[in-house]
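Engineer: Just dropping this structure here.
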Amino acid sequence: MTRPRQHEPSRETPLTDPDVKQPSHAERARTLVAAYPTGTLATLRDGHPYPSLVAFALTGGAPVLLISEMAAHTQNLRKDRRASLLVAERTVTDPLAHGRVTLVGEVALLEGDDAHARTAFLARHPGAEVYVDFRDFHFWRLAVREVRYIGGFGRMSWVDGAEYLAAEPDPLAEAAEGILAHMNEDHADANLAYARAFTRAEDATAARMTAVDRYGFDLMVDTPGRSRPARIAFDEPVTTPDEVRRAVVALVKRARTQLG
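Note that our numbering has the sequence shown beginning at 1, numbered continuously upward.
Structural data, given as structure tokens:
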């Protein structure tokens, strides 16, 4: 079960209702981890945390590592299987304002020939083909017990490991950047119409789409003297850029009718 903990909330009425449909923290965490091929593995070395950069793949949401017996973290895992893997969004701006996920659990050696782990790892790291069959390299899997999700300032929670593993990455994750660029560069008028019609910012002067997912999209809405976030839900979940296009066209038609 997700156990959210937020910073002290603002007393100001939000632009949209807080219960508007959006991804759960489990879904957000699963999407973020699926987006990156490397992370920081922390193992225990003489009782002290020892972090190290590792490459990983996913099998059913669980990280799979291909590591050498000579690696320090392998030696640590031979003594104590407890570990965590930190995966953070890559950003050139303030990293603390962006998302990161820590997967906590135990790492176990995969005995025998695990074809599924091999296929998944080589698909994500084709360069590993040159050493995957070396005798001192083995596959290890992190059994996720719990997850710490931080989506930037004010958005964080602990997520149960089973809930994380049952979640699915957002199907729009790879296309999101292009969708946002298109909406902000070519359809600024539509973004403004969404803000004026579907949020409490009737005096909005501009709006930018800042995120999009299967359930809807986020806006940063400019009003006289300040900017505030808002959330708009699609009528139904979408899975492809073409479905997003149809959904935003339907919403802008409704918004313009409502605005007269």
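Think of the CB as a built atom: it goes at the ideal place given N, C-alpha and C, for glycine as much as any other residue.
Along the chain, where does the beta strand (DSSP E) that runs through Pro63 open and close?
Structural biologist: Residue 63 sits at position 63 when you count from the first residue of the sequence shown. Ala62 to Ser68 is the extent of the beta strand (DSSP E) around Pro63.
Engineer: Report all residues from its chain with a CB closer than 7 Å to the CB of Gly39; omit the five preceding and five following residues, and keep chain order.
Structural biologist: Walking along the sequence shown from the start, residue 39 turns up at place 39. Closer than 7 Å at the Cβ level, and outside the excluded window around Gly39, lie Val54, Phe56, Leu85, Leu86 and Val87.
Engineer: Looking only at its own chain, which residues have a Cβ that is under 8 Å from the Cβ of Ala128, when we skip the five neighbours before and after it?
Structural biologist: By one-based count along the sequence shown, residue 128 stands at place 128. Same-chain partners within the cutoff: Ala55, Leu66, Phe121 and Leu122.
Engineer: Would the beta-carbon of Pro63 be found less than 7 Å away from any heavy atom of the ligand PLP?
Structural biologist: Only the bare structure without any ligand can be found here, which leaves the ligand PLP out of the picture.
Engineer: Residue range of the alpha helix (DSSP H) that Arg245 falls in?
Structural biologist: In the sequence shown, residue 245 corresponds to position 245, counting from 1. From DSSP, the alpha helix (DSSP H) with Arg245 extends over Pro241 to Leu259.
Engineer: Please give the ranges of any beta strand (DSSP E) in the segment 210-234, keeping only runs that are unbroken, at least 3 residues long and fully inside the region.
Structural biologist: Fully enclosed beta strand (DSSP E) runs of 3 or longer: 216-223 and 226-233.
Engineer: Could you check if Gly288 is buried or exposed, using at least 16 other CB atoms within 10 Å of its CB as the buried criterion?
Structural biologist: The question about residue 288 has no answer here: the residues shown for the chain are numbered 1 through 260.
Engineer: Who are the near neighbours of Ala181 in its chain, counting only those whose CB is closer than 6 Å to its CB and skipping five residues on each side?
Structural biologist: The residue labelled residue 181 in the question sits at position 181 within the sequence shown. Once the five neighbours on either side are set aside, Ala181 has no close Cβ partner at all.
Engineer: Tell me the rounded alpha-carbon separation between Gln6 and Asp133.
Structural biologist: For the purposes of this step, residue 6 is identified with residue 6 of the sequence shown, where counting begins at 1. For the purposes of this step, residue 133 is identified with residue 133 of the sequence shown, where counting begins at 1. Because the pLDDT of Gln6 is 48, which lies under 50, any placement of that residue in the model is unreliable, and the number read from its coordinates should be weighed accordingly. Approximately 46 Å, taken between the alpha carbons.
Engineer: DSSP state of Thr102, grouped into three classes?
Structural biologist: Translated into the one-based positions of the sequence shown, residue 102 becomes position 102. Here Thr102 sits in strand by DSSP.
Engineer: Keeping to the same chain, check which residues put their C-beta closer than 6 Å to that of Arg307; ignore five residues upstream and five downstream.
Structural biologist: Since the first residue of the chain shown is 1 and the last is 260, residue 307 is not available in this structure.
Engineer: Go through its chain and collect everything with a Cβ distance to His125's Cβ below 8 Å, but skip five positions before and after it.
Structural biologist: Numbered from its first residue, the sequence shown carries residue 125 at position 125. Closer than 8 Å at Cβ, skipping near neighbours: Pro37, Ala55, Ala57 and Leu66.
Engineer: Take Ala17 as the anchor and find which of Ala230, Asp222 and Asp242 has the nearest alpha-carbon.
Structural biologist: Stepping through the sequence shown from its first residue, residue 17 is reached at position 17. For the sequence presented, residue 17 should be read as Asp rather than Ala. The shortest Cα separation from Asp17 among Ala230, Asp222 and Asp242 belongs to Ala230.
Engineer: Report the three-state DSSP secondary structure of Leu180 (helix, strand or coil).
Structural biologist: The residue you call residue 180 lines up with position 180 of the sequence shown. Leu180: helix per DSSP, three-state reduction.
Engineer: Of the residues Glu12, Gly151, Ala175 and Glu236, which one's Cα is nearest the Cα of Arg30?
Structural biologist: In the sequence shown, counting from the first residue as 1, residue 30 sits at position 30. Among Glu12, Gly151, Ala175 and Glu236, the Cα nearest to that of Arg30 is on Gly151.
Engineer: Taking its Cβ as the centre, do 16 or more other Cβ atoms sit within 10 Å of Gly61, making it buried, or is it exposed?
Structural biologist: Counting from 1 along the sequence shown, the entry for residue 61 is found at position 61. With 16 or more Cβ atoms within 10 Å of its Cβ, Gly61 is classed as buried.
Engineer: Runs of 3 residues minimum, wholly inside the segment 11-88: which ones carry the beta strand (DSSP E) assignment?
Structural biologist: Listed in chain order, they are 38-45, 48-59, 62-68 and 82-88.
Engineer: Report the rounded CA-to-CA distance for Glu243 versus Glu111, giving the unit in angstroms.
Structural biologist: Along the sequence shown, read from residue 1 onward, the residue named residue 243 stands at position 243. Along the sequence shown, read from residue 1 onward, the residue named residue 111 stands at position 111. About 43 Å.
Engineer: I'd like to check one pair, Arg118 with Phe139: are the Cβ atoms closer than 8 Å?
Structural biologist: Counting from 1 along the sequence shown, the entry for residue 139 is found at position 139. Counting from 1 along the sequence shown, the entry for residue 118 is found at position 118. It is a contact, given that the beta carbons lie within the stated cut-off.
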